[in-house]
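Visitor: Numbering (the numbering used here), first residue to last: 126 to 176. Cβ atoms here follow ideal geometry from the backbone N, Cα and C, with glycine treated the same way. Note that the coordinates shown come from a computational prediction; the quantities given were computed from them, not determined experimentally. Pasting a structure below so you can have a look.
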């Protein structure tokens, strides 16, 4: 999730990790690119993972 939050353009993740994060609703997959599913998650994880 840290990689997803740090990237502005989306990031490629290992398929099993991408599946788990998407299943929890934390990311959206656009092709191979993973992005946070909403601005709230982006802010929350940026504040808590990137400190």
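Tell me which residue opens and which closes the alpha helix (DSSP H) that residue 147 is part of.
Guide: Where residue 147 is concerned, the enclosing alpha helix (DSSP H) stretches over 140–148.
Visitor: Would you kindly work out how many angstroms separate the C-alpha atoms of residue 131 and residue 148, rounded to a whole number?
Guide: Distance between the alpha carbons of residue 131 and residue 148: 21 Å.
Visitor: By Cβ distance below 6 Å, which residues in the same chain neighbour residue 126 in space, the five residues on each side in sequence not counted?
Guide: Correct list, in chain order: 170.
Visitor: How many angstroms separate the CA atom of residue 154 from the CA atom of residue 129?
Guide: Rounded to the nearest angstrom, the two C-alpha atoms are 11 Å apart.
Visitor: Among the candidates 175, 157, 150, 165, whose CA atom is the shortest distance from the CA of residue 134?
Guide: It is 157.
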